[in-house]
Structures are given as C-alpha cells and as structure tokens.
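The next block holds one structure in the form of structure tokens; read it before the comments.
Number of protein chains: 2
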Amino acid sequence: MRPRASAHKQGIAAARLLAIYRVRADARAIEARAQAIAVEQSVEMPVSAIDDPYVLSEIVGRVEGIAERERGFFEVRISLAAATTGFEAGQLINMLFGNSSIHDDVVLEDAVLPATLAAAFPGPNRGLIGLRELAGAERRALTCSALKPQGLPPRELADLARRLALGGLDFIKDDHGLADQAYSRFADRVNACAAGVREASRETGRLTRYVPSLSGNLDQLRAQVALAREAGLAMVLVAPMIIGLPQLRALAAENPALAFMAHPALAGASRIAPPLLLGKLFRLFGADATIFPNHGGRFGYSRATCAGLAEAARAPWGDIRSCVPVPAGGMTPERVPEMLDFYGPDAMLLIGGGLLAARERLTEETAAFTRMVEQYAYR
Amino acid sequence: MRPRASAHKQGIAAARLLAIYRVRADARAIEARAQAIAVEQSVEMPVSAIDDPYVLSEIVGRVEGIAERERGFFEVRISLAAATTGFEAGQLINMLFGNSSIHDDVVLEDAVLPATLAAAFPGPNRGLIGLRELAGAERRALTCSALKPQGLPPRELADLARRLALGGLDFIKDDHGLADQAYSRFADRVNACAAGVREASRETGRLTRYVPSLSGNLDQLRAQVALAREAGLAMVLVAPMIIGLPQLRALAAENPALAFMAHPALAGASRIAPPLLLGKLFRLFGADATIFPNHGGRFGYSRATCAGLAEAARAPWGDIRSCVPVPAGGMTPERVPEMLDFYGPDAMLLIGGGLLAARERLTEETAAFTRMVEQYAYR
Chain A
107 MRPRASAHKQ
117 GIAAARLLAI
127 YRVRADARAI
137 EARAQAIAVE
147 QSVEMPVSAI
157 DDPYVLSEIV
167 GRVEGIAERE
177 RGFFEVRISL
187 AAATTGFEAG
197 QLINMLFGNS
207 SIHDDVVLED
217 AVLPATLAAA
227 FPGPNRGLIG
237 LRELAGAERR
247 ALTCSALKPQ
257 GLPPRELADL
267 ARRLALGGLD
277 FIKDDHGLAD
287 QAYSRFADRV
297 NACAAGVREA
307 SRETGRLTRY
317 VPSLSGNLDQ
327 LRAQVALARE
337 AGLAMVLVAP
347 MIIGLPQLRA
357 LAAENPALAF
367 MAHPALAGAS
377 RIAPPLLLGK
387 LFRLFGADAT
397 IFPNHGGRFG
407 YSRATCAGLA
417 EAARAPWGDI
427 RSCVPVPAGG
437 MTPERVPEML
447 DFYGPDAMLL
457 IGGGLLAARE
467 RLTEETAAFT
477 RMVEQYAYR
Chain B
107 MRPRASAHKQ
117 GIAAARLLAI
127 YRVRADARAI
137 EARAQAIAVE
147 QSVEMPVSAI
157 DDPYVLSEIV
167 GRVEGIAERE
177 RGFFEVRISL
187 AAATTGFEAG
197 QLINMLFGNS
207 SIHDDVVLED
217 AVLPATLAAA
227 FPGPNRGLIG
237 LRELAGAERR
247 ALTCSALKPQ
257 GLPPRELADL
267 ARRLALGGLD
277 FIKDDHGLAD
287 QAYSRFADRV
297 NACAAGVREA
307 SRETGRLTRY
317 VPSLSGNLDQ
327 LRAQVALARE
337 AGLAMVLVAP
347 MIIGLPQLRA
357 LAAENPALAF
367 MAHPALAGAS
377 RIAPPLLLGK
387 LFRLFGADAT
397 IFPNHGGRFG
407 YSRATCAGLA
417 EAARAPWGDI
427 RSCVPVPAGG
437 MTPERVPEML
447 DFYGPDAMLL
457 IGGGLLAARE
467 RLTEETAAFT
477 RMVEQYAYR
C-alpha cells in the first residue's frame, strides 16, 4: 500500500535500496547526468509533469552522492524505494539497471539492499557449509571438473564422469553447453553420468557429486530438476542470465534441499560489475556456488575483480548463507597452489579442459589435482 | 541422434547456423583469436584432447571467414551445428554468445539460422498484419503511449489511460517499471486501466488497446497473462532479457492469439548488436512488436543501428511474421514527421513522457499526435 503521509517520516532509509553506478562524464555534466539516471531508473518521465506527492518524495530516484573516482569517471549513488522492486528478482534488476543497461556511459557497480528487501530472497539453500557436507570436506578447498565436449553420446560422457570421479573430485559438473540435444538427451545423459559417478564413488569411498546442467523455460527446468532428484543428485547447474533471474529464484525456493551452481554465460563482460552480478545477486537469488573466469585464464577479469567477487559471494550478510566462489576458465593443475593462496580454503577449484587434456591419464592427473588440494598447507 | 557417417555428407550447410562476430584484434592475432572463439562457443576444451570424429567434424565450431572491417576490427564468421541448440531459445543464445559475452573484445553482430532451426520458433503470433487488425488501421503507422510514473495507485493510472485513450491512440502500454508492487497490484491496475481504456473507446469509437507489463517467473507471468485475458486484452509487454528468452518463447507458444510487445530493459548497450537481439531474435522468439531507443533521443543508438533493427524486425523471413519496430526513448510530437519518413508506415510510434508533459492538455496533445500520424503523407 502507499503509506500514509505520517509513515513517510519513519524508517525511510530502511525502505530504500542504493544503486551505485560508475559513470563516464565531464565534470560539468555529471550532476545533470546523475539526475537523469535517477529519473531513468525510476519514473522515466519528466519530473515536472508529476504531481503526486508520494511519487515525488519516494518513487523518484534520489541522487545521494557523486564522487570523482578518476578523471572523467564518477561514482554516482542513487537511492530507490524498495517497494518499486515488488520484492521480485526480475523487477529488482530492472530497477537497478533495466534502461541504463542501454546507456554505454554507465556501469552498475554495486547495490546495497535494505534488510527488508534482502529478507525476501533467502539466498543459498545449502551454502558453503552445505557444500562441505555434500563433499564430506570440512576445511579444505573443494574440487570440481567438467564433462565435455558437447556432442558426445551419454555413454561416453558417463565414462568420462566415471574416470574423473575415480580421481577423487568433490563435484563433476556438466559443461554449460550440455543441454537437451538430440545426440544426448538430458534424461539419458543424467542417468548415465549419475551411474558412472556412483560406480566410481563405490570404488573410491568418496562422495563425488555429479552436477547436471539445466536449460529451457521454467517447465523444462522443473522437469530436469525432477529427473536429477530421481537420479539422487544434490546439486544442479544453471546459467541465471540465460534462464532469467526469476527462474533461479523460483527453482531454489521450491527445492529447499537442492544446491545450485551458477554459470556466468551471457553475464557480459563488465556492464554489471561481476562482484555484484555473479557474487552478490546470484547468491541472493539462490546460488550456492558461482563460477567465474579466474584472472590469468582465457578471460579478462582482473585480480581485483576476482577478489571482489569472492568477497561478495562469501561475506557475512545477515541470515544469507555464503556462496562458494568457483574460479575457472582455463585453469590448470599448475595454478592450484597460487589459487589456493589467493582464495583460501573457502572456494571450489574448477579445472575442466586442463584435466581432459591428459586423455588416457585423466584419472591420474585428476587424482594429482585433488591430492594437491587436500594436502595443501595454506600460507 | 548422432547421424551415421553417410549422413554427414548431405546437407551439412542446412544443419549449421552462422554466428557473426566483430572482434577487436591485431592482424597477426586474429586467426588464433577466431579459432579460440570457435572453440569457446562449442566444445570449450582443447581440440587436441577430442577423439570423437562426429564431435571433431560437426560440433567443434568452424571459422568460415575472417575479414578486416576497419583497422583493428574484424568480422569473424563461425558456423556451429544447429543440433547443439537443442532447438531451444536459451540454448540458442548460449551457443551464439554464452561465454564470449564475457570477453570484451567480441561483439555478437548477427546470426544466420538454417530454415530447420528457424522453423522451431514460429515467431510472432500476430505480427504487423495482426497488430493492424487489432488497431483497425490498414496502412498508416501505429501509435502508442505509456502509463507512468510507477508509484501511482491503480485509479490514477486508469484515469491517465482513459485520458490518453480519448486522444485516439492505438496502443497504451504500461511503463516497464510497473510490476506487481504493493502500492499498485497487477490485478488491480490491469482491471482499472482496461476499464478506463474501454470507457474512452466507447466514446471515441476507436479500438485502443491497453498493453499491461508482465513480470516475474513463468508461473507469475502465466497468472498475469490469465488476468490480462480475462480483462479482454489482446497484447502484453515483457522484457525478454529480464524474464529470460525461454519464457517469451513459452508464453507466445501457449497463447497463440495473444500479441507480445518486447521491451529492451537489461538488453545492454551493444555487446549483442541491437538489430540482432531486439530485431531478429526477439521476433524469432515471439515478439509482435519491439521497442527500442530511437536515434537522437535519450539513448545512443545511431541512425544505422535503428535502420538495421527495423530491417531485421520486418524483413521477409520464411513463414515468420513481421515484428513491428517501435522507436521510442525520449520522442516528442515534433519528431513525428521525421520518424514517419525514416521508418515508413510499418512502424509504431511510441511517445510517453513527451505527451505526459502536457499535463491537463494530455488528451489534446495526444489527439494532435494521432491525427498527425493518420494524416501524414509519406514521402
């Protein structure tokens, strides 16, 4: 409801969220540009044509601060009424960056959500502690690899899964390119790979978890979740920007025992700062683990971006569980010590192609990787 | 199924899609970079570690051409097996740009889909001809305005809708910021605004159509579609990049009489060329009309981008109906003649804030806008 006038004076701060933008502008133009963004992200019309006092005082975005960060680049802080989000994932990102995403002088750097808004999104179902339980790993970093390439039939992917699992991994995820394709149907692949990993687990005594990649609309995602659960699986992979953020939220809410790994496909290079999107927001909407391209791999994220992302995923945040950062993207066993030093034990190391390149020595190389992680003495 | 070897020799072209990228690179580096993108967008692992002949010959992306477009920028054409898309909207965009969206040296410029793949997505339900029928407008450009600002209660939005409709508009859409908020619930707003527009239509004798904005996950979207249909509405607005492309496809498929207007929120500035994303792909997945920021308004699209977008939305494309381009984003009545010359009659002109600024003269200014469009003699 629109609060009565008297309510306006109480707790306004608690009812507003803060969007923090990095804006490229001339010093002379930045005040007008900041005001324009505040309008674009809220009422999207000339403020002079608005009479309603509630809209003017609460709904129109408010420029809360402007600070030059480097020559020609400004940090602009704009507050928005939390009520505008409808406490829904899609509308939240719409309020933060819907139209401004089309402006190439603006990057969405960060968002600060009031507790009332964050409480509408309970975050990860399992979180770091839950994933440690799934893996039976109390203190060390977690390990993961990927099933590739797409195009292989289910029995070959399953054989790969089995050989990877024999190396003692905690998690084996599908490549995010594995969907529901005619040459490898989701149901066939998931049953085959789950069986392959189970067989290896009996041999190793490890709790290796197979994590299938889901795709499609919410109906298809639900059908795939049902198949995964029937196969006894505890975690699934989704690409939130492809399925749409509201679907991640819906799946996480209706499967409270299931863990979710988020993939950054279609997340863009930098228009939304990766620590915010892949760290904070994916976590808020239900990601228990978030994959991102580690610095020094095939992608261009800096060390600072990666550190910021890990921080956003893991930092204490009310009742919201930690999300496990999963650095990846062209990693190799050689980089394990450096990555463990950089991320510490509360992370999951994902090496895909770097292990698959070992071919017939796949299980041995994988075992060397998992052993290195288990035995590492953190600095 | 993985085809038998003999099938490989037949119709391979028909079974491949072409992704066209604009890549920033040194001339010495472009061949390796193009090859890396082809791998990234397909198998995402060292090709040397792949044995399977089907994967090597069909699934690994193929660089089909490299051409320098300007110094340091290359057009790279990569073909991918259509089967990798699973003939599903999300996986199609994943194959075209999933991981490469994270590389800031690559823009997805265009995509050419084989007929077999396009046939999996029947496109707009109503298309240009259908929207002309809805509006009772055979030849002229269509007209549209927007209900704003968010924060108003349903009765005030409904009054605005009524006064806009009295001006003889064809379509009145919700601002894309109108969601399901406590101060204006979707059901209340839609019923009130539909009634307001109906009342005005009885007075004007026009077929003005109210187009509510949908939000949320697929369940919520479906519930909102049901409410819209119960209110007698024929068209709805969605932001495909926020709800997720698979949801647009699902809604369009299961509501074959309903028309869909697409909003560009969260579509980004340029990492996917707007003619491809807002024109071709939104059309393919079911948009009957596509809103985009016209050149010379609040956003940075060039004339060439706008012309290309309109072309992608309207060009003949097998059995796929035309999608109506809807230039918007800070347009004013003064620009109508120029816009009509630029886009011709097969377009919808959307003026939101530019009309609302007229305040008590809203109906008169709206009537002047619609009259201008009706009486315009195209050059």
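Which chain is which? The protein sequence lines are A and B, in order. Sequential numbering of the first sequence, starting at 107, is according to our numbering. Sequential numbering of the second sequence, starting at 107, is according to our numbering. Yeah, the Cβ is synthetic: ideal placement off N, Cα and C, and Gly gets one too.
What residue range is occupied by the uninterrupted alpha helix (DSSP H) comprising P352 of chain A?
The residue you call residue 352 of chain A lines up with position 246 of the first sequence. Run containing P352 of chain A: L351 to E360, per the alpha helix (DSSP H) assignment.
Helix, strand or coil, according to DSSP, for Y482 of chain A in the structure here?
Position 376 of the first sequence, counted from the first residue, corresponds to residue 482 of chain A. Secondary structure at Y482 of chain A: coil, using DSSP grouped into helix, strand and coil.
Which residues in chain A have a C-beta closer than 8 Å to the C-beta of G385 of chain B? List them in chain order.
The sequence position of residue 385 of chain B within the second sequence is 279, counting from 1. Chain-ordered listing is empty here: chain A has no CB closer than 8 Å to the CB of G385 of chain B, the nearest sitting near 15 Å.
DSSP state of L124 of chain A, grouped into three classes?
Residue mapping note: residue 124 of chain A aligns to position 18 of the first sequence, counting from 1. It is a strand residue.
Hey, is G302 of chain B close to the ligand PLP, as in C-beta under 8 Å from one of its heavy atoms?
As for the ligand PLP, it is missing from this structure, which has no ligand bound.
Could you tell me which residues DSSP pairs with Q197 of chain A in its beta bridges?
Here residue 197 of chain A is taken as the residue at index 91 of the first sequence, counted from 1. Partner(s): none; Q197 of chain A has no beta bridge.
Between the C-alpha atoms of R177 of chain B and R134 of chain B, what's the straight-line distance to the nearest angstrom?
Counted from its first residue, the second sequence places residue 177 of chain B at position 71. Counted from its first residue, the second sequence places residue 134 of chain B at position 28. Going by the C-alpha atoms only, they are around 12 Å apart.
Pick from A:P451, A:E470, A:A434 and A:I426: whose alpha carbon is nearest that of T222 of chain A?
Taking the first residue of the first sequence as position 1, residue 222 of chain A is located at position 116. Of A:P451, A:E470, A:A434 and A:I426, the residue nearest in Cα terms is A:I426.
Hey, would you say R238 of chain A sits closer than 9 Å to A365 of chain A, going by beta carbons?
Position 132 of the first sequence, counted from the start, is the residue given in the question as residue 238 of chain A. Position 259 of the first sequence, counted from the start, is the residue given in the question as residue 365 of chain A. The criterion of a C-beta distance shorter than 9 Å is not satisfied by R238 of chain A and A365 of chain A.
Ignore the nearest five residues each way along the sequence and tell me which others in R139 of chain A's own chain have a CB closer than 7 Å to its CB.
As a working note, residue 139 of chain A is residue 33 in the first sequence. Cβ neighbours of R139 of chain A beyond the five flanking positions: V129 and A131.
Residues in the same chain with beta-carbon distance under 6 Å from E170 of chain B, minus the five sequence neighbours each way, listed in chain order, please.
On the second sequence, residue 170 of chain B is found 64 positions in, with the first residue counted as 1. Only residues of its own chain outside the window of five on either side were considered, and among them R183 and S185 have a CB closer than 6 Å to the CB of E170 of chain B, listed in chain order.
Taking 9 Å as the CB-CB limit, is R122 of chain A close to chain B?
One-based indexing of the first sequence puts residue 122 of chain A at position 16. Not an interface residue.
What in chain A is Cβ-close to G506 of chain B, meaning under 9 Å?
As shown, chain B starts at 107 and ends at 485. That puts residue 506 of chain B outside it, with no answer to give.
Between the alpha carbons of A226 of chain B and S428 of chain B, how many angstroms are there, rounded?
Indexing the second sequence from 1 puts residue 226 of chain B at position 120. Indexing the second sequence from 1 puts residue 428 of chain B at position 322. Those two C-alpha atoms are separated by around 17 Å.
Please report how far the alpha carbon of R467 of chain A lies from the alpha carbon of V213 of chain A, in whole angstroms.
Looking up residue 467 of chain A in the first sequence gives position 361. Looking up residue 213 of chain A in the first sequence gives position 107. Each residue's Cα considered, the two are about 45 Å apart.
Using C-beta distances below 7 Å, list every residue in its chain close to I397 of chain A, excluding the 5 sequence neighbours before and after it, in chain order.
What you label residue 397 of chain A is simply residue 291 of the first sequence in a count that begins at 1. Taken in chain order, the residues that qualify are M367, A368, H369, P370, V432, A434 and L456.
Using a Cβ cut-off of 7 Å, pull out every chain B residue sitting near T222 of chain A, in sequence order please.
Counting from one through the first sequence, the residue named residue 222 of chain A turns up at place 116. Near T222 of chain A there are no residues of chain B at all, since even the closest Cβ is about 12 Å away, more than 7 Å.
Give me the subset of the segment 394-407 of chain A whose CB atoms are less than 9 Å from a CB atom of chain B, sorted by chain position.
Among the residues of the segment 394-407 of chain A, those with a Cβ less than 9 Å away from any Cβ of chain B are F398, P399, R404, F405, G406 and Y407, in the order of the chain.
Could you name the residues of chain B that Y127 of chain A contacts, counting a contact when the two beta carbons are closer than 7 Å?
Stepping through the first sequence from its first residue, residue 127 of chain A is reached at position 21. Neighbours of Y127 of chain A on chain B: none; closest Cβ ~14 Å, over 7 Å.
Measuring straight from C-alpha to C-alpha, what distance separates S321 of chain A and R355 of chain B?
Taking the first sequence and counting its residues from 1, the one referred to as residue 321 of chain A is at position 215. Taking the second sequence and counting its residues from 1, the one referred to as residue 355 of chain B is at position 249. The straight-line gap from Cα to Cα measures roughly 13 Å.
Using only the alpha-carbon positions, how far apart do G403 of chain B and R441 of chain B sit?
Walking along the second sequence from the start, residue 403 of chain B turns up at place 297. Walking along the second sequence from the start, residue 441 of chain B turns up at place 335. Rounded to whole angstroms, G403 of chain B to R441 of chain B spans 10 Å at the Cα level.
Measuring alpha carbon to alpha carbon, tell me which of A:N400, A:M201, A:T438 and A:A142 ends up nearest P152 of chain B.
If you number the second sequence from 1, residue 152 of chain B lands on position 46. Nearest C-alpha to P152 of chain B: A:T438.
Just checking, does the segment 335-350 of chain B make contact with the segment 296-314 of chain A on the three C-beta pairs under 8 Å criterion?
no
Given that S185 of chain B touches chain A, what residues does it touch there, using C-beta distances under 8 Å?
The count along the second sequence starts at 1 and reaches residue 185 of chain B at position 79. Simply none; closest approach about 14 Å.
Under three-state DSSP, which class holds I378 of chain A?
Counting from one through the first sequence, the residue named residue 378 of chain A turns up at place 272. Strand, per DSSP.
Going by other Cβ atoms of all chains shown within 10 Å of its Cβ, with 16 needed for buried, is S112 of chain A buried or exposed?
Locating residue 112 of chain A in the first sequence gives position 6, where the first residue counts as 1. Residue confidence for S112 of chain A is low, a pLDDT of 41 falling below 50, so the modelled location carries little weight and cannot support an answer.
Determine which residues share a DSSP beta bridge with F179 of chain A and list them.
The residue given as residue 179 of chain A occupies position 73 in the first sequence. Answer is A:R130 and A:E176, bridged to F179 of chain A.
I need the boundaries of the beta strand (DSSP E) containing F277 of chain A, first residue and last residue.
Start at 1 with the first residue of the first sequence, and residue 277 of chain A comes out as number 171. It spans F277 to D280 - the beta strand (DSSP E) in which F277 of chain A sits, taken as one unbroken run.
What is the DSSP secondary structure of Q147 of chain A, reduced to helix, strand or coil?
The count along the first sequence starts at 1 and reaches residue 147 of chain A at position 41. The answer is coil: DSSP assigns Q147 of chain A none of H, G, I, E or B.
In whole angstroms, what separates the C-alpha of I165 of chain A from that of S148 of chain A?
Reading the first sequence from its first residue, position 59 is the one you call residue 165 of chain A. Reading the first sequence from its first residue, position 42 is the one you call residue 148 of chain A. Rounded to whole angstroms, I165 of chain A to S148 of chain A spans 7 Å at the Cα level.
Counting contacts by CB-CB distance shorter than 9 Å, is D286 of chain B in contact with chain A?
For the purposes of this step, residue 286 of chain B is taken as the residue at position 180 of the second sequence. Cβ-Cβ to chain A under 9 Å: yes for D286 of chain B.
Please go through the same chain and pick out, in chain order, the residues whose beta-carbon is closer than 8 Å to the beta-carbon of M107 of chain A, but skip the five residues on each side of it.
To locate residue 107 of chain A, count along the first sequence from 1; it is residue 1. In this predicted model, M107 of chain A has a pLDDT of only 48, less than 50, meaning its place in the structure is not dependable enough to derive any value.
Where do the ends of the beta strand (DSSP E) carrying L387 of chain B lie?
Position 281 of the second sequence, counted from the start, is the residue given in the question as residue 387 of chain B. Here L387 of chain B belongs to no beta strand (DSSP E), and DSSP marks it neither H nor E.
In whole angstroms, what is the alpha-carbon distance linking L333 of chain A and R122 of chain B?
Taking the first residue of the first sequence as 1, we reach residue 333 of chain A at position 227. Taking the first residue of the second sequence as 1, we reach residue 122 of chain B at position 16. Between the alpha carbons of L333 of chain A and R122 of chain B lies a distance of about 30 Å.
Which partner residues of Q256 of chain B appear in the DSSP bridge assignment?
Along the second sequence, one-based indexing puts residue 256 of chain B at 150. Answer is B:L258, bridged to Q256 of chain B.
Hey, out of A:L372, A:R175 and A:L387, whose CA is closest to P399 of chain A's CA?
Against the first sequence, residue 399 of chain A aligns to sequence position 293. A check of alpha carbon separations from P399 of chain A across A:L372, A:R175 and A:L387 identifies A:L372 as the nearest.
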